[in-house]
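Take a look at the structure below.
In my numbering, the protein residues as written are 42 to 105.
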């Protein structure tokens, strides 16, 4: 789960692409820019948010 759900700058929903981006770019061997292109994330502000996001949900709430 990605928090925040929307881009801080433009307000576009970016969380809907987070799981696939994380699986392919962060945990896989694919180039993050190419993954974002394929997912349709075009705006620079949204791309920055996806690349720089640190998932803290597991750290803050480790118990399910």
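Here a beta-carbon is modelled for each residue, glycine too, at the ideal position from N, C-alpha and C.
Q) How is the alpha helix (DSSP H) around residue 87 delimited, first residue to last? A) For residue 87, the uninterrupted alpha helix (DSSP H) segment begins and ends at 85 to 93.
Q) Does DSSP put residue 76 in a helix, in a strand, or in coil? A) Three-state DSSP puts residue 76 in a helix.
Q | residue 62 versus residue 69 - alpha carbon distance | A | In this structure, the straight-line span from the alpha carbon of residue 62 to that of residue 69 is close to 9 Å.
Q. Which same chain residues, not among the five before or five after residue 80, have their C-beta less than 6 Å away from its C-beta?
A. 58, listed in sequence order.
(Q) Alpha carbons only, please: which of 92, 83, 66 is nearest the one belonging to residue 76? (A) That would be 66, whose Cα lies nearest to the Cα of residue 76.
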